[in-house]
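The C-terminal residue of the sequence shown carries number 1224 in my numbering, and the numbering is unbroken.
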Amino acid sequence: MRREPGRILTTHGGNLPRPADLDELIGDGEPSRERLQERLPGAVAEVVAQQIDCGLDVINDGEYVKAANMAGYSGYIHARVTGWEVLDIDPAIGPKRAFVAARDQADFPGTYESGLWLTGSGGPVRPGFATPGAAPRLPTTERVCTGPIRYTGHDAIAADVAALTSAVEGKPVDGFIAALGPLSLGAGARNAHYADEQEYMFAVAEALREEYKAVTDAGLVLQIDEPEFATTWQFHPEWTVEELRRYLEFAVEVLNHAIAGLPSEQIRMHSCWGSGHRPHTQDIGLVHIADLLVKVNAGAYAIESGNVRHAHEWRVWQDVKLPEGKILAPGVVSHATDLVEHPELVAERLVNFASVVGAENLQAGTDCGIGSRVGHAEIAWAKLRSLAEGAAIAGKRLHPA
């Protein structure tokens, strides 16, 4: 990942607003599948141009391919791997783990019983999976690994790479593709094939490496989307911090296995506390996991840092030292509010981070993808313009002429 002395480069978390006609094709479902695939390269070129117009430096394809697969943030990968089945949960055993807000639910039972907790992070209030007046329903099915895990998405990732490579060719930007991390793909599913959890998770990592390698081989930046590094704490409300840290040490091994042999300077590790609109009072503090996060052999670390539960955690980096030569890309614009951050606030946040990691080791990012998290596309693009403006202000303050 390039650096430019005197400038703080800008990027974002991944998901971006889609053009209306693309959404219409997606909404038509299978009858529009062929037209949708024809439309995707043009849509990617358009979203690249919009990002450049906003002043961003490290940009992507808007994650349009995930929407085009009608499977969302994580579901797209299921069409690219084999080895899992969706089976009924054995009531005698129960699910493998709790849901993503289990600790919050214990503190805010009325919120979750109301049926009005949000699945997203912004925009209009919309019902969650609960019925008003009733506790959230437990899932009745689960993904189970019942055979060898294999990656079969070579043609799909090749098309993704080709669309972005073509769109950024000749532009003064770096391109990145976000791909799901091995924890987020495998940890929530039950293993019924491999000898143990370690063998199972390493098989997940090896399969995903094929997708990752296609991205780095093309000269693009690979963003590994791994929110589970921070959200696992919610999935296991019975764990202590010590138990979580033992698990995350194993998680680091899995992640490093997934990127073994790939150029670390082209890899960005992204983690967050989940995009659900909920209290987040039980999020694990960054202070408990940051030293483990930087053991992942990536060239950059993108971590949620802009929302009101985590904006103070820039101080963690006073004690947890960023490894030499690595980049920190904190979120300084949040997906958790429709309020557009003032450029001066963005600049203030970046100056704070620069004071502890050095301006030369800093990029400006968003907490997560904002395309489907704020109330309107206009707001998302305004946030990105404010991000670029704030980074320019911070750059001038940190490197006065």
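Backbone N, C-alpha and C define an ideal beta-carbon position, used for all residues, glycine too. Please read these numbers as outputs of a predicted model, since none were measured by experiment.
- Distance from residue 973 to residue 905 at the Cβ level is roughly 5 Å; contact confirmed, criterion being Cβ atoms closer than 8 Å.
- Per DSSP, reduced to three states, the secondary structure at residue 1086 is coil, with no helix or strand assignment.
- Nearest to residue 1028 by alpha-carbon distance, out of 981, 1016, 990 and 1007, is 1007.
- According to DSSP, residue 907 shares a beta bridge with 968.
- In this structure, residue 1167 lies away from residue 1108, with their beta-carbon atoms at least 8 Å apart.
- Taking each of 1209, 1179 and 1163 in turn and checking the Cα distance to residue 1199, the smallest one comes out for 1163.
- A distance below 7 Å between beta-carbons, with the five flanking residues on each side excluded, links residue 830 to the following residues of its chain, in chain order: 1218.
- Among the bridge pairs identified by DSSP, residue 1209 is matched with none.
- Between the C-alpha atoms of residue 1189 and residue 993 there is a straight-line separation of about 25 Å.
- Rounded to the nearest whole angstrom, the C-alpha separation of residue 996 and residue 1169 is 21 Å.
- Counting along the chain, residue 846 sits inside the alpha helix (DSSP H) bounded by residues 843-851.
- Excluding residues up to 5 positions away in sequence, 963 and 964 lie with their Cβ nearer than 7 Å to the Cβ of residue 911 in the same chain.
- Excluding residues up to 5 positions away in sequence, 1204, 1207, 1208 and 1211 lie with their Cβ nearer than 7 Å to the Cβ of residue 877 in the same chain.
- When DSSP states are grouped into helix, strand and coil, residue 1014 belongs to the strand group.
- Bounds of the beta strand (DSSP E) holding residue 1189 are 1186-1189.
- Here the stretch 1075-1086 makes contact with the stretch 1021-1036; the two share three or more CB pairs at distances below 8 Å.
- For residue 1074, same chain residues with a beta-carbon under 7 Å away, outside a window of 5 residues either side, are 1006 and 1052 in chain order.
- In this structure residue 914 is exposed. Its beta-carbon is surrounded by fewer than 16 other beta-carbon atoms within 10 angstroms.
- Going by C-alpha positions, residue 976 is about 15 Å away from residue 907.
- The DSSP-derived three-state label of residue 839 is coil.
- Straight across, the Cα-Cα distance linking residue 936 with residue 1101 is about 13 Å.
- Taking a cut-off of 8 Å on C-beta distances, the stretch 1032-1042 touches the stretch 979-986, as three or more cross pairs fall below it.
- The continuous stretches of beta strand (DSSP E) do not include residue 1176, which lies in the alpha helix (DSSP H) extending over residues 1166-1180.
- Pairwise C-beta distances place the stretch 1059-1073 in contact with the stretch 1110-1123, as three or more of them are shorter than 8 Å.
- Sequence-distant partners of residue 849 (beyond 5 residues in either direction) whose C-beta falls short of 7 Å from its own C-beta, in its chain, are 859, 890, 891 and 893.
- When rounded, the separation of the alpha-carbon atoms in residue 1097 and residue 1123 is 20 Å.
- Here residue 1001 is bridged, per DSSP, to 1046.
- Non-local beta-carbon contacts of residue 918 in its own chain, meaning distances under 8 Å to residues more than five positions away in sequence, involve 912, 961, 962 and 965 in chain order.
- The alpha-carbon of residue 841 is positioned some 20 Å away from that of residue 1048.
- Contact between residue 1121 and residue 1152 does not hold, since their C-beta atoms are separated by about 10 Å, which reaches or exceeds 8 Å.
- Here DSSP, grouped into helix, strand and coil, assigns residue 1156 to strand.
- Less than 8 Å divides the Cβ of residue 839 from the Cβ of residue 885.
- Under the DSSP assignment, residue 1124 falls outside any alpha helix (DSSP H), being part of the beta strand (DSSP E) whose first and last residues are 1123-1126.
- In the three-state DSSP reduction, residue 1032 falls in the helix class (H, G or I).
- Contact check for residue 1046 and residue 1093: beta-carbon distance about 5 Å, within the 8 Å limit, so the pair qualifies.
- Take the alpha-carbon of residue 887 and the one of residue 1180: they are about 33 Å apart.
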